[in-house]
Ligand SMILES: *Cc1c(COP(=O)(O)O)cnc(C)c1O
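Numbering (full-length UniProt numbering), first residue to last: 1 to 382.
Given below as structure tokens:
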């Protein structure tokens, strides 16, 4: 129950266990082509160009920035924490002049009006938003932010690494230009794939650039013909694709689409509500400052008074892996629980039960044993 790599379905693992397919193998070509089509559907972006490249989420971020930014371009970072800082770091490395709009405090969401005021000031090529900041479990108001960028002719890049296929997102309808993620979070595949869906507007901006892309491996010019070829049922080679992982991705994306995107978003909301009911029953305070900015893919929860980061080990001893803090300002003061991909009512009850027992063992006995499990159960039954 950590916020990635997540628990992976048996059929997805099974797809990894066969003979390693060659990248020119007819079966693999069909699988890769289908996975690309499915990625477009998962992003709800029928008009977008999908990219599947060997690497992690950080490469997905760099694949967006390296192709859209030229030295001297201005970029607006809607900053909610650790991964927004990383995006700024990548932007600066590629020569962007970065302006931050920061949330008022750790755990609060950025103010849409403030972002709009910056956008109105003009001059930005691109805006980035972290859909769910995994360091704070803050869910950014992506829809109005992306629409504001659109309105001002600014490219909108959304880091969905802890959100895609878990949090509601309608790339085409909202007008986002890049939605990017990695295989090991809500997409439900082992780590190793950078995934992007790119709007025709962003492709046009990339084609119009004057400066060469400052990376060969990250250059869309290398990858676009490969993606187009595989989708057209033809092989192509630039750099060897991670063939086994692509097969696993295809299976997982198929499962995601079989569940249905709206049903999947709703299941994540339901599981998150049950977790929040449990945190509240335990008297614990969330890092997100209000319910409407709390992510549905993970929880970030402050330790109660008298309990420290050793709780993570105590929960592990009860049979469940959770994660410690990540945001540098509050790192030793809170823990994180991932609840994405296959998360089920059973996972909620087992996890809450383990945390409740570990808190008791750590001397936090404000509630009768079972209170938090009952609260989660009531939320799941509601
Ligand atoms: C995990 C994560 C990343 C980085 O992904 P890696 O696969 O670890 O490189 C970027 N952004 C967000 C929001 C994340 O949760």
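No residue lacks a Cβ here, since even glycine has one placed at the ideal position from N, Cα and C.
The model shown is predicted, which means the values in this text are computed figures rather than measured ones.
Exercise for the section: Report the residue from 229, 325 and 178 whose alpha carbon sits nearest the alpha carbon of residue 154. Expected result: 178 is the residue among 229, 325 and 178 whose C-alpha sits nearest the C-alpha of residue 154.
Exercise for the section: Any chance you could list the beta strand (DSSP E) runs of at least 3 consecutive residues sitting entirely within the stretch 105-155, in chain order? Expected result: Whole beta strand (DSSP E) segments, 3+ residues: 124-130.
Exercise for the section: Name the two residues that bound the continuous beta strand (DSSP E) containing residue 74. Expected result: Element bounds for residue 74: 74-79.
Exercise for the section: Quickly, what does DSSP pair residue 182 with across the bridge? List them, please. Expected result: Beta bridge pairing from DSSP links residue 182 with 194.
Handout entry: Nearest-angstrom beta carbon gap, residue 174 and residue 67 [assumed within contact, 8 angstroms]
Key = Not confirmed; about 21 angstroms, so no contact.
Practice task
Evaluate residue 252 with the Cβ neighbour count: other Cβ atoms within 10 Å of its Cβ, from every protein chain shown; 16 or more gives buried, anything less gives exposed.
Solution key: Its Cβ being crowded by 16 or more others within 10 Å, residue 252 is buried.
Practice task
Express the C-alpha separation of residue 65 and residue 73 in angstroms, rounding to a whole number.
Solution key: When rounded, the separation of the alpha-carbon atoms in residue 73 and residue 65 is 11 angstroms.
Exercise for the section: With hydrogens ignored, establish whether the beta-carbon of residue 188 is closer than 7 angstroms to any heavy atom of ligand 1. Expected result: Not one heavy atom of ligand 1 is found less than 7 angstroms from the C-beta of residue 188.
Practice task
With a cut-off of 8 angstroms on the beta carbons, I'd call residue 275 and residue 350 a contact; round off their distance for me.
Solution key: In fact, because the Cβ distance is near 12 angstroms, the residues do not count as touching under 8 angstroms.
Problem - Buried/exposed call for residue 186, threshold 16 Cβ in 10 Å - result: It counts as buried.
Exercise for the section: List the endpoints of the continuous beta strand (DSSP E) containing residue 51. Expected result: Annotation: the continuous beta strand (DSSP E) that includes residue 51 extends over 49-54.
Handout entry: CA nearest to the CA of residue 168, picked from 150, 122, 83 and 261
Key = Selected option, being the one with the closest Cα: 261.
Practice task
Please report the Cβ distance between residue 346 and residue 4, rounded to the nearest whole angstrom; I am assuming they are in contact, meaning their Cβ atoms lie under 8 angstroms.
Solution key: About 20 angstroms separates the beta carbon of residue 346 from that of residue 4, a gap too long to meet the 8 angstroms contact definition.
Practice task
Report the rounded CA-to-CA distance for residue 18 versus residue 39, giving the unit in angstroms.
Solution key: Answer to the nearest angstrom: the Cα atoms are 23 angstroms apart.
Exercise for the section: Find out if the Cβ-Cβ distance for the pair residue 80, residue 138 is shorter than 8 angstroms. Expected result: Contact: yes.
Handout entry: Any non-hydrogen atom of ligand 1 closer than 7 angstroms to residue 159 Cβ
Key = For residue 159, the distance from the CB to the nearest heavy atom of ligand 1 is below 7 angstroms.
Handout entry: Inter-stretch contact at 8 angstroms, needing at least 3 Cβ pairs: the stretch 329-338 / the stretch 303-319
Key = Under the three-pair Cβ rule at 8 angstroms, the stretch 329-338 counts as touching the stretch 303-319.
Exercise for the section: Using the Cα positions of residue 105 and residue 380, report the straight-line distance between them to the nearest angstrom. Expected result: The alpha-carbon atoms of residue 105 and residue 380 are separated by roughly 31 angstroms.
Exercise for the section: Please work out which residues of its chain come closer than 6 angstroms, Cβ to Cβ, to residue 235, disregarding the five sequence neighbours upstream and downstream, and give them in chain order. Expected result: Excluding sequence neighbours, residue 235 sits near 24 and 29.
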